[in-house]
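Visitor: Supplied in structure tokens, the structure appears directly below.
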Amino acid sequence: MINVAVVGVGGWGKNLARNYFQIPECNLKYICDLDETRLSQLQSQLPGTQLSRDFDSVLADPEIQAVVIATPAPTHYSLCKAALMAGKDVYVEKPIVLEVHHGEELIRMAEERDRILMVGHLLEYHPIIVKLRELIDSGELGDIYYIYNQRVNLGTVREDENAMWNFAPHDVSSILYLLDREPTDVTARGQSYLRDGVEDVVFMSMNFSGESMAHVHVSWLDPHKIRKITIVGSKKMAVFDDLESNEKLRIYDKGAAQNTDYDTFAEYVTLRFGDVTIPYVKVGEPLRIECEHFLNCVRTRSRPLSDGHDGLRVLKVLDAAQRSLKTNGVPVAIEGNAKTPGTSSGTAAK
Ligand SMILES: NC(=O)c1ccc[n+]([C@@H]2O[C@H](COP(=O)([O-])OP(=O)(O)OC[C@H]3O[C@@H](n4cnc5c(N)ncnc54)[C@H](O)[C@@H]3O)[C@@H](O)[C@H]2O)c1
Numbered sequence: 000m001i002n003v004a005v006v007g008v009g010g011w012g013k014n015l016a017r018n019y020f021q022i023p024e025c026n027l028k029y030i031c032d033l034d035e036t037r038l039s040q041l042q043s044q045l046p047g048t049q050l051s052r053d054f055d056s057v058l059a060d061p062e063i064q065a066v067v068i069a070t071p072a073p074t075h076y077s078l079c080k081a082a083l084m085a086g087k088d089v090y091v092e093k094p095i096v097l098e099v100h101h102g103e104e105l106i107r108m109a110e111e112r113d114r115i116l117m118v119g120h121l122l123e124y125h126p127i128i129v130k131l132r133e134l135i136d137s138g139e140l141g142d143i144y145y146i147y148n149q150r151v152n153l154g155t156v157r158e159d160e161n162a163m164w165n166f167a168p169h170d171v172s173s174i175l176y177l178l179d180r181e182p183t184d185v186t187a188r189g190q191s192y193l194r195d196g197v198e199d200v201v202f203m204s205m206n207f208s209g210e211s212m213a214h215v216h217v218s219w220l221d222p223h224k225i226r227k228i229t230i231v232g233s234k235k236m237a238v239f240d241d242l243e244s245n246e247k248l249r250i251y252d253k254g255a256a257q258n259t260d261y262d263t264f265a266e267y268v269t270l271r272f273g274d275v276t277i278p279y280v281k282v283g284e285p286l287r288i289e290c291e292h293f294l295n296c297v298r299t300r301s302r303p304l305s306d307g308h309d310g311l312r313v314l315k316v317l318d319a320a321q322r323s324l325k326t327n328g329v330p331v332a333i334e335g336n337a338k339t340p341g342t343s344s345g346t347a348a349k
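Just so you know, we're using numbering that gives the first Met the number 0 here: the sequence shown kicks off at 0 and counts up by one.
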């Protein structure tokens with residue numbers, strides 16, 4: 000039995016608490032929040048779980064092996080650091096932290112102490128994303144030309160982080176997972192309409208060595224609710240619509256081929272309109288899969304799929320995108336992945 004504490008039981012943390020409470024091999028010993036009302040609202044749903052407003056006393060309990068942190072992003076660094084120093088395994092919601100050097104420090108701390116550090120990149124545990132990765136790896140979609148993600152709605156407007164930091168960790172983590180690569184450079188443009196300096200809408204683009212590209216559109220100021228990923232490959236195309244209840248994934252046998260033997264431009268490209276297939280993928284609750292993965296890593300001392308390094312990769316992209324945002328879309332090279340100097344990304348703003 001693994002004793003777990005969930006810290007931060009607001010909008011999202013209460014879902015984590017519910018899952019850890021329901022998993023048989025886990026004992027949700029504490030939920031911890033500064034807000035007493037939030038704690039007491041959950042009390043009846045989590046019988047036997049202790050309520051605490053004091054994070055330090057939770058950490059001081061030697062029975063607590065793992066701490067799940069679902070507080071706002073600016074608090075992640077100090078809470079993760081304290082939990083690692085107290086010898087706990089740590090799961091932290093996305094984004095891992097807000098500063099690259101803080102992410103590096105947490106990874107170092109976890110490795111030195113032999114502690115598990117996992118980041119809540121939920122989409123990496125989504126069965127449809129896993130299926131898409133299989134389709135890409137098997138070559139069924141062909142070379143991946145481009146991916147675009149749309150995560151927009153008229154939704155909760157945050158005051159402390161912009162729409163990119165709030166939504167795009169999911170998109171960046173899923174795109175890096177799908178392509179199994181990191182971008183060379185990123186550009187981002189956005190606007191703050193509701194509150195100065197906090198972008199409500201952001202369009203960001205990632206370039207992957209000039210081979211593939213990815214585009215992410217995030218907004219909490221949009222008439223549509225869309226959660227969609229479109230992948231265009233040289234052989235087939237795929238669309239994952241997470242708001243569809245059953246048929247979430249469609250594979251389009253569509254494409255365009257270049258002919259070598261042609262007289263006119265019309266003969267140069269042949270368009271192909273084939274079948275649309277809807278593969279069956281059993282979709283459980285991705286959050287449950289993610290929670291079980293964390294517990295399994297704690298039990299077996301194995302490295303999580305979305306470990307600290309994965310969190311840092313995503314953070315570096317967001318950090319570069321934030322700098323691009325502040326320069327109205329100047330490309331920013333991703334440290335360590337830039338193309339050779341002289342290319343567009345090699346001359347990008349740092
Ligand atoms: N994986 C997902 O799909 C997903 C979805 C939404 C939010 N999130 C992430 O979850 C985290 C929390 O987001 P939210 O929407 O639930 O925020 P929220 O504001 O609704 O809840 C945060 C809670 O943390 C508590 N808190 C703050 N500081 C604390 C501290 N020092 N000790 C104890 N409690 C503290 C607050 O009182 C609040 O109840 C963020 O990192 C966010 O990015 C993830």
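Ideal Cβ positions, reconstructed from N, Cα and C, are used throughout, including at glycine.
Every value quoted in this text rests on a predicted model; they were computed, and no experiment measured them.
Return the first residue and the last residue of the beta strand (DSSP E) that ASN165 is part of.
Guide: Looking at the DSSP string, ASN165 is not in any beta strand (DSSP E); the run it does join, the alpha helix (DSSP H), is 162-178.
Visitor: If GLY273 and LYS253 are in contact, beta carbons under 8 Å, what's the gap, nearest whole angstrom?
Guide: With 8 Å as the limit, GLY273 and LYS253 qualify as a contact, their Cβ atoms being about 6 Å apart.
Visitor: Short of 7 Å in beta carbon distance, which residues of its chain neighbour GLY232, apart from the five on each side in sequence? Order them along the chain.
Guide: Cβ neighbours of GLY232 beyond the five flanking positions: LEU140, GLY141, ASP142, ILE143, TYR144.
Visitor: Bridge partners of LEU311, per DSSP?
Guide: LEU311 is not bridged to any residue.
Visitor: What alpha helix (DSSP H) runs, 4 residues minimum, are completely inside the segment 209-235?
Guide: Runs of the alpha helix (DSSP H) inside the segment 209-235: none found.
Visitor: Under 7 Å Cβ to Cβ from GLY138, same chain only, skipping five residues before and after it: list those, please.
Guide: Result list for GLY138: empty, nothing under 7 Å.
Visitor: Going by Cα to Cα distance, which pick from GLN42, PRO73, ALA72, LYS227 is closest to ARG249?
Guide: It is LYS227.
Visitor: So is the beta-carbon of LEU121 under 8 Å away from any non-hydrogen atom of ligand 1?
Guide: LEU121 Cβ: within cutoff of ligand 1.
Visitor: Can you give me the start and stop residues for the alpha helix (DSSP H) that GLY407 sits inside?
Guide: The chain is shown only over 0 to 349; residue 407 falls outside these bounds and no answer can be derived.
Visitor: Under 9 Å, do ILE146 and MET212 count as touching if we go by C-beta distance?
Guide: Yes, they are a contact pair.
Visitor: Under 8 Å by Cβ, that's how I've got THR276 and ALA255 pegged, so tell me the actual separation to the nearest angstrom.
Guide: Not a contact, Cβ separation roughly 19 Å.
Visitor: Please tell me whether ILE95 and VAL118 are closer than 9 Å, where the distance is taken between their beta carbons.
Guide: Result yes, Cβ atoms of ILE95 and VAL118 sit closer than 9 Å.
Visitor: Is ALA4 closer than 9 Å to SER51 when the C-beta atoms are compared?
Guide: Yes, Cβ-Cβ distance for SER51 and ALA4 is below 9 Å.
Visitor: Where does LEU27 fall in DSSP's three states?
Guide: Correct three-state label for LEU27: strand.
Visitor: Mapping the DSSP letters down to three states, classify ASP88 as helix, strand or coil.
Guide: Strand.
Visitor: In whole angstroms, what is the alpha-carbon distance linking LYS315 and GLU62?
Guide: Near 35 Å, if we compare the C-alpha coordinates of GLU62 and LYS315.
Visitor: For the putative contact between LEU105 and CYS79, defined by C-beta atoms under 8 Å, what is the C-beta separation to the nearest angstrom?
Guide: About 5 Å; that satisfies the 8 Å criterion.
Visitor: With a cut-off of 8 Å, do at least 3 Cβ pairs link the segment 312-327 to the segment 167-175?
Guide: Result yes; three or more Cβ-Cβ pairs closer than 8 Å.
Visitor: With distances taken from CA atoms, which of GLU181, GLN49, VAL156, TYR124 is nearest LEU193?
Guide: Considering only alpha carbons, the answer is VAL156.
Visitor: Are the beta-carbon atoms of ASN2 and ARG287 separated by less than 9 Å?
Guide: Not closer than 9 Å, so no.
Visitor: So LEU116 and ASP306 are in contact, right, with Cβ under 8 Å, and what is the actual spacing, rounded?
Guide: With a Cβ gap of about 6 Å, LEU116 and ASP306 count as contacting.
Visitor: According to DSSP, is ASN152 part of a helix, a strand, or is it coil?
Guide: The answer is coil: DSSP assigns ASN152 none of H, G, I, E or B.
Visitor: Is DSSP giving LYS325 helix, strand or coil here?
Guide: Helix.
Visitor: Is ASP170 a contact residue of ligand 1, with contact defined as CB to any heavy atom under 8 Å?
Guide: No, the beta carbon of ASP170 sits no closer than 8 Å to any heavy atom of ligand 1.
Visitor: Is the segment 83-93 touching the segment 64-74, taking contact as three or more C-beta pairs under 8 Å?
Guide: Yes, since at least three Cβ pairs between the segment 83-93 and the segment 64-74 fall closer than 8 Å, the two stretches touch.
Visitor: Just the C-alpha distance for PHE239 and ASN295, rounded to the nearest angstrom, thanks.
Guide: The straight-line gap from Cα to Cα measures roughly 28 Å.
Visitor: Is the separation between the beta-carbon of TYR124 and that of LEU304 shorter than 9 Å?
Guide: Contact flag set, yes.
Visitor: Would you mind sorting GLN21 into buried or exposed? The rule is 16 or more other CB atoms within 10 Å of its CB.
Guide: Label assigned to GLN21: exposed.
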